[in-house]
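Just so you know, the sequence shown maps onto residues 15 to 427 in our numbering.
For glycine and all other residues, C-beta sits at the position ideal for the given N, C-alpha and C.
Following: one structure in structure tokens, then a few remarks.
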Amino acid sequence: MLTLRGSGARRGNSLSNLALVKDGAVLVRDGMIAAVGTQAQVEALPEARAGEKLDLGGRVALPGFVDSHTHLVHAASRAEEYESKIAGASYEEIARKGGGILNSVKQLRAATAKELKKRALAALQQFAAYGTTTIEAKSGYGLELASELKILRLHKELANEQPLEIVSTFLGAHVVPEEYRKNADGRKRYIKLLEENLLPEIGEGRLAEFCDVFCDRGAFSVEESKQVLQAGRQWGLAPRMHAEQLSRTGATRLAILLRAASCDHLEHVNQGDIRALGKSETVATLLPGCDFHLGLKEYAPARKLIEAGAVVALATDYNPGTSPTLSMPMILSLACTQLRMTPAEAITAATINAAYALRREKRMGSLEVGKQADIAVFEVADYREIPYYFGVNYCWMTMKRGRVIYAAQESTI
Ligand SMILES: [Zn+2]
Numbered sequence: 015m016l017t018l019r020g021s022g023a024r025r026g027n028s029l030s031n032l033a034l035v036k037d038g039a040v041l042v043r044d045g046m047i048a049a050v051g052t053q054a055q056v057e058a059l060p061e062a063r064a065g066e067k068l069d070l071g072g073r074v075a076l077p078g079f080v081d082s083h084t085h086l087v088h089a090a091s092r093a094e095e096y097e098s099k100i101a102g103a104s105y106e107e108i109a110r111k112g113g114g115i116l117n118s119v120k121q122l123r124a125a126t127a128k129e130l131k132k133r134a135l136a137a138l139q140q141f142a143a144y145g146t147t148t149i150e151a152k153s154g155y156g157l158e159l160a161s162e163l164k165i166l167r168l169h170k171e172l173a174n175e176q177p178l179e180i181v182s183t184f185l186g187a188h189v190v191p192e193e194y195r196k197n198a199d200g201r202k203r204y205i206k207l208l209e210e211n212l213l214p215e216i217g218e219g220r221l222a223e224f225c226d227v228f229c230d231r232g233a234f235s236v237e238e239s240k241q242v243l244q245a246g247r248q249w250g251l252a253p254r255m256h257a258e259q260l261s262r263t264g265a266t267r268l269a270i271l272l273r274a275a276s277c278d279h280l281e282h283v284n285q286g287d288i289r290a291l292g293k294s295e296t297v298a299t300l301l302p303g304c305d306f307h308l309g310l311k312e313y314a315p316a317r318k319l320i321e322a323g324a325v326v327a328l329a330t331d332y333n334p335g336t337s338p339t340l341s342m343p344m345i346l347s348l349a350c351t352q353l354r355m356t357p358a359e360a361i362t363a364a365t366i367n368a369a370y371a372l373r374r375e376k377r378m379g380s381l382e383v384g385k386q387a388d389i390a391v392f393e394v395a396d397y398r399e400i401p402y403y404f405g406v407n408y409c410w411m412t413m414k415r416g417r418v419i420y421a422a423q424e425s426t427i
């Protein structure tokens, strides 16, 4: 059993410390962890003797994965673009043919809430089947009042109607929508729409906890990002950012300056950014699924970030354009082979550090007394086999707040 117990976000060498307990056991009461230890220790407790026993048969148990970066609600895949990209089409060519994020925007606006919900529910079941117990979900394919609200309201509905926890993020500043690109002052008017129409509605309706901005070439500048994130904060939304993915813009420095919960991607950070992240509380979230899917050679400098002391997390970036996977085990495999993280570091980054990225470290991310009983169990003999077997699902059982929400078919639970 990997407990990940300990205090504080994991930096440097502490990313390798999984606090492994051989023949481990947890005692769960009302969905919360009441005791953790060896099987002998836990079974000796009077309360355990009276409890219902769930034998995991010597499999590997760890905290449920916390996927701190997803674009859960979208209308359709972009498999056609995938094929064009493989054939050599550039990002600009795809955009000219109406592809890219704007393609997803068009499809989302046309989709009904019912259709979107059906697709999201199916995805949430799959997240659970791969050992994930909490996800962050971003809006950002609506880019107009009604459609953004449609997504954010769905986050709320889904959170109430299925077992996975959903942390809602407003990403109105994903890209400037087409109808605002025709005039010179379009960008300004769109940002004004975010500040004056969307954020008040979202703040008052408590529809999101975080405000995110895609700060990059072809999206929003550092100045514009700052303006949107500060406006979000006035409505109680904590900042987080898409930073240095396609180019270096200085987004990381802004994220640190604004004490953002996380800055995500980081393929193009420079030495100064890495040093600054090493001294910051802002979590450095890496999304290797994106580079893998796009066939890029350049991944984020994970080793340098870990050596500098940054709080490194991993997430899927589940989205139809650049990372259509919801498998955290696959992300762990990529973290090991492409980011040169060890299996232990990758697991820490996908659990406790990811919980920090969502500011939920007091409730999840490790198996400790007082935290939620969010547990993933893998049909492996050694935790290193979780990333080792890539592209295959060995998740055997997933538990959310003490309740089994996924069990592999051949299991007897
Ligand atoms: Zn993203």
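No Cβ-Cβ contact shorter than 8 Å links Ala222 with Leu208. Cβ neighbours of Gly292 within its own chain (closer than 6 Å, five residues either side excluded): Ala322, Gly323, Ala324. In the DSSP assignment, Ala49 falls outside any alpha helix (DSSP H) and within the unbroken beta strand (DSSP E) covering 46-52. For Phe228, the enclosing beta strand (DSSP E) stretches over residues 224-229. Judged by DSSP secondary structure, Val242 falls outside any beta strand (DSSP E) and instead within the alpha helix (DSSP H) spanning 236-248. DSSP places Gln386 in the strand class (E or B) of the three-state scheme. Here the distance from the Cβ of Asp331 to the nearest heavy atom of ligand 1 is below 7 Å. Per DSSP, reduced to three states, the secondary structure at Pro214 is helical. For Glu179, the enclosing beta strand (DSSP E) has its first and last residue at 179-187.
For His256, the shortest C-beta to heavy atom distance toward ligand 1 is below 7 Å. Residue pairing by DSSP puts Asp81 in a beta bridge opposite Ile149.
At a cut-off of 7 Å, the beta-carbon of His88 does not count as near ligand 1: no heavy atom of the ligand is closer than that. At a cut-off of 3 residues, not a single continuous stretch assigned as beta strand (DSSP E) sits fully inside the stretch 104-143.
Only exposed fits Gln423, as fewer than 16 other CB atoms lie within 10 angstroms of its CB. Met255: member of the beta strand (DSSP E) spanning 252-257, first to last residue. Looking at Ala329, Ile320, Tyr402, the one whose alpha-carbon comes closest to that of Leu301 is Ala329. In this structure, the beta-carbon distance from Pro253 to Gly264 does not fall below 8 Å.
Comparing alpha-carbon positions, the option among Gly250, Ile149, Ile165, Val190 lying closest to Lys414 turns out to be Ile149.
Note that the C-beta distance between Ala233 and Glu281 is not below 8 Å. For the pair Val297 and Asn367, the CB atoms are nearer than the 8 Å cut-off.
With a beta-carbon spacing of about 11 Å, Cys350 and Pro343 fall beyond the 8 Å limit used to define contacts. Per the Cβ contact rule, the stretch 393-413 is not in contact with the stretch 81-101 (fewer than 3 Cβ pairs under 8 Å). Using a C-beta cut-off of 8 Å, the stretch 373-391 makes contact with the stretch 38-47, since at least three inter-stretch Cβ pairs fall below that distance.
The three-state secondary structure of Asp287, taken from DSSP, is helix.
In this structure, Ile389 is the residue among Pro401, Tyr402, Ile389 with its C-alpha nearest to the C-alpha of Ala421. A Cβ-Cβ distance of about 31 Å is found for the pair Arg354 and Arg377, leaving them out of contact under the 8 Å criterion. Proximity to Leu260 across Thr147, Glu193, Tyr105 peaks at Tyr105, based on C-alpha coordinates. Where Gly38 is concerned, there is no enclosing alpha helix (DSSP H), although the beta strand (DSSP E) around it starts and stops at 38-43. For His307, the Cβ stays outside the 7 Å cut-off from all heavy atoms of ligand 1.
Per DSSP, reduced to three states, the secondary structure at His279 is strand.
In the structure shown, Tyr397 falls within a coil segment according to DSSP collapsed to helix, strand and coil. Taken from the Cβ of His85, at least one heavy atom of ligand 1 lies inside 7 Å.
Of the candidates Pro177, Gly335, Leu59, Leu178, the residue whose Cα lies closest to the Cα of Glu95 is Gly335. Under the Cβ criterion (8 Å, minimum of three pairs), the stretch 173-190 does not count as touching the stretch 121-130. In terms of Cβ geometry, Ile320 and Leu29 form a close pair [threshold 8 Å]. Taken in chain order, the unbroken stretches of beta strand (DSSP E) that lie wholly in the stretch 332-394 and span 3 residues or more are 389-392.
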